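In what follows, a structure is listed as structure tokens, so that the remarks can point back to it.
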Amino acid sequence: MSKVKAVALFSGGLDSILSVKIMLEQKIDIYPIHFITPFFTSLKSGYKIEA
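Heads up, the sequence shown is in our numbering, so the first residue is 1 and it goes up one at a time.
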């Protein structure tokens, strides 16, 4: 039987951290993906709210 593999969209928040930890405990090979884009950041959205 082959080992289970999964891709995890990893935001760094509590939900993605816990879901990856649960999968690791189940011996699943995980490939986390985290995107950083210059087109949108939470820092910029904070400026729009203040404006």
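Even for Gly, the Cβ is constructed at its ideal location relative to N, Cα and C.
Just so it is clear, the structure is predicted and the values come from calculations on it, not from any experiment.
Relative to the Cα of H34, the nearest Cα in the group G13, K5 and K3 belongs to G13.
Within the same chain, Cβ atoms closer than 7 angstroms to the Cβ of V7 are found at Y31 and I33, the five residues on either side in sequence being excluded. Distances from the CA of S11 to each of P38, K5 and V20 were compared; the closest alpha carbon is that of V20. Excluding five sequence positions before and after L9, the CB atoms of its chain that fall closer than 6 angstroms to its own CB belong to I33, given in chain order. Residue nearest to K5 within the set F39, T37, I28 and P38 is I28 (criterion: CA-CA distance).
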